[in-house]
Amino acid sequence: MTVYVSVTRESCTLLCVYGLLAEHNKLYIGTANINRQWVRKVQKMSKIRLSIAGESFDGTARFLTDRAEHERAMAAIRRKYWMFRPVIALGRVLTAMGLMHDNTGSFEVTLARVSDSLSEDRQIQK
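Structure below.
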C-alpha cells in the first residue's frame with residue numbers, strides 16, 4: 005500500500021511506501037532508512053496528514069525512540085508484511101554480525117477523530 009504523508013505546515017507531500025499498520029487505534033509507519041528526508045521532516049513537525057485510498061486523515065506522529073516500542077511496531081509490521089520477512093531477517097542477521105547498520109525506524113500516529121478531519125476537509129473545499 006502506498007501512503008502519502010504531508011507535513012501540514014509545509015506544502016510538500018512525502019511518499020512512504022515501506023509499511024503502514026493499524027493496531028490498537030493507532031497507525032504505525034515503518035521505514036528502512038531513518039535518514040530519508042520525509043522521516044526527518046515528520047520528526048521535526050509532528051502534525052501530519054495521511055492520504056490513504058483517496059481519504060485524508062489528520063494526525064500527530066511520534067517517532068519511536070524507545071527500542072522496545074520500535075521493536076513492537078516492527079514486529080507487527082513483519083507480521084502484516086510476511087512476504088518481506090526473508091529480507092528483513094537477512095538485514096537483522098547482517099546487523100547482528102556488524103556488517104550492516106540498523107537504520108530502521110517507526111512512527112506511531114494518533115489520528116484526529118475521523119469526523120473532525122472530514123469536516124475540516126469539507127470546509128476547505130467550500
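Remember, the numbering used here sits 4 above the position in the sequence shown when you count from 1. Backbone N, C-alpha and C define an ideal beta-carbon position, used for all residues, glycine too. Source: prediction; values computed, not measured.
- Inside the stretch 22-110, DSSP marks whole beta strand (DSSP E) runs of 3 or more residues at positions 23-27, 30-35, 51-56 and 59-67, from first to last along the chain.
- If you draw a 10 Å sphere on the C-beta of T69, you find fewer than 16 other C-beta atoms in it, and that means exposed.
- Annotation for L115: F61 and G63 place their beta carbon closer than 6 Å to its own, counting only its chain and skipping 5 residues before and after.
- A direct Cα-Cα distance of roughly 31 Å separates V46 from M101.
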